[in-house]
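Residue 1 is where the sequence shown starts when you use my numbering, and the numbers rise one by one after that. The beta carbon of each residue, even a glycine, is placed where N, CA and C say it ideally should be. Just so you know, these numbers come straight off a predicted model, no measurement behind them. The structure under discussion appears below in the form of structure tokens.
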Amino acid sequence: MKILLIASHGQVGFQLHRSLACLGEVIATNRTSLDLTEADKVVDFIRQLKPDLIVNAGAYTAVDKAETEQMLAHQVNAVAPRLLAQLAKELDIALVHYSTDYVFDGHKNGAWNEQDIPAPLNYYGQSKLEGEQAVIDSGCKYLIFRVSWVYDRRGHIADATAHIIVQSKLIPDFWEKHSGIFHMSAAGKTSWKTFADKIFELAAQEGMKVPVVNAIPTSAYPTKAQRLLNSCMDNSKLFNTFGVQLPDWQSSLQWVMRTDERHD
């Protein structure tokens, strides 16, 4: 299996390179070797390579800067996925693409599911939503994974993706049955305050001196781009379809902080 991994030097892409390696030949690109804003080069590269699968981990993720760099954010988050999806359709291969919780407005009481109607609060979210729709409209075989609060250097998102790709090789008519959007995030819910408290709690257990964290309302920390007040996502579709469930955020955080970095 020949897998084209786009943006292998990013936070998700770096771990995908490791996780996908056991599935076949991984051709990993970065911004230097394959710039998503250079459409002609992208087309030529993919047509010549003829991969069996495209995994697109590329994205413009500077949420606040996207408010003033809208053209660049649109090019990377909306135009590039459209092009990749069109090429996937042309070559009759599948596309795995990553999106975000920022497609929602954060006003729901409860976890967001795939049937909820997107309503982005900022341009980053809008550009990612346009990318989603472009992939869907292309008619290609695809999986869109909406992720949130990405911090784990140890690659749970990447491992889950690899597990699902393995299933695509084993299940007849996999792409016809399962092409769609899936939420993929750590189980459970928390706030940034509780998340920070847990980090310092674990650090204190290792003998580190830690500060006291004081909570503030979102309104007291103004940013150029408006943020979601509730970004908790319902991952039940992912589990019911593929049997995949990411660990709860507490376990993931503890594992990340207590794993010896020398073993990376």
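* Asked: Between GLU176 and the ligand NAD, is the CB less than 7 Å from at least one heavy atom?
  -> Here there are no bound small molecules, and the ligand NAD is not part of this structure.
* Asked: Where does GLU261 sit, in a helix, a strand or coil, going by DSSP?
  -> Any reading at GLU261 needs caution, since the residue's pLDDT is 46, under 50, leaving its predicted position unreliable; the model's value is listed next. Three-state DSSP puts GLU261 in a helix.
* Can you tell which of ASN56, THR241, LYS141 has its C-alpha closest to the C-alpha of ALA7? -> ASN56
* Touching or not, the stretch 23 to 30 and the stretch 71 to 84, by the rule of three or more beta carbon pairs under 8 Å? -> In short, these stretches do not touch, since the Cβ pair count stays below three.
* What did DSSP end up calling LYS89 once you bin it into helix, strand or coil? -> helix
* For ALA225 and THR68, the rounded distance between their alpha carbons -> 10 Å
* Asked: When you compare only the Cα positions, how much space is there between LEU23 and MET1?
  -> 7 Å
* Asked: When the Cβ atoms of the stretch 125 to 138 are set against those of the stretch 90 to 105, are three or more pairs found closer than 8 Å?
  -> yes
* Give the secondary structure of GLY24 by DSSP, where H, G and I count as helix, E and B as strand, and everything else as coil. => In the three-state reduction of the DSSP assignment, GLY24 falls in the coil class, being assigned neither a helical nor a strand state.
* **Residue burial classification, GLN126 (beta-carbon count within 10 angstroms, cutoff 16)** => It is buried - the Cβ of GLN126 has at least 16 other Cβ atoms within 10 Å.
* Asked: For the putative contact between ALA158 and VAL63, defined by C-beta atoms under 8 Å, what is the C-beta separation to the nearest angstrom?
  -> Wrong, their Cβ atoms sit about 22 Å apart, outside the cutoff.
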